[in-house]
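**Q** Everything in the sequence shown is counted per numbering that gives the first Met the number 0, starting at 0 for the first residue and increasing by one.
One structure, as structure tokens, below. Some questions next.
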Amino acid sequence: MFKEIFTRLIRHLPSRLVHRDPLPGAQQTVNTAVPPSLSAHCLKMAVMPEEELWKTFDTHPEGLNQAEVESAREQHGENKLPAQQPSPWWVHLWVCYRNPFNILLTILGAISYATEDLFAAGV
């Protein structure tokens with residue numbers, strides 16, 4: 000019911016106002032199906048007894064000791080995500096600013112300033 004009402008309300012609006020843009024550089028994985036092997040593995044782990052889980056993941060309830068941590072680091076490397084370069088400040092500003100309402104307010108402020116209506120330009 001809510002979906003029908005919402006669909007009727009947004010039917011005449013431009014799609015750019017209703018639909019959100021994906022994040023820059025984000026991968027679209029919405030329609031990707033979960034592989035059956037992964038589902039089976041997750042279900043198997045979900046019903047596994049706690050002691051068997053500790054053995055499967057080669058750990059224990061107290062966590063890893065220092066020697067085990069160093070051994071894991073030598074084998075797998077540091078537990079860090081690859082660094083991502085931050086966007087330049089002007090790109091970040093534009094991504095935050097490009098809302099049509101913000102642009103409209105800026106244009107109205109510029110018109111108020113140009114017509115020497117400084118009270119409206121300052122608000």
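Just so you know, even glycine gets a beta-carbon here, dropped at the ideal spot from N, CA and C.
1) Look at the Cβ atom of Ala-71, then the Cβ atom of Leu-63, and state whether they are nearer than 9 Å.
2) Considering only their Cβ atoms, is the gap separating Ser-111 from Leu-103 smaller than 9 Å?
3) Skipping 5 residues on each side, what residues in its chain have a beta carbon closer than 8 Å to that of Leu-52?
4) Whole angstroms is fine: what's the gap from Phe-100's alpha carbon to Ile-4's?
5) Between Met-47 and Thr-58, is the Cβ-Cβ spacing less than 9 Å?
6) Distance check for Asn-78 and Glu-69, CA to CA, integer angstroms please.
**A** Short version:
1) yes
2) no
3) Met-44
4) 24 Å
5) no
6) 12 Å
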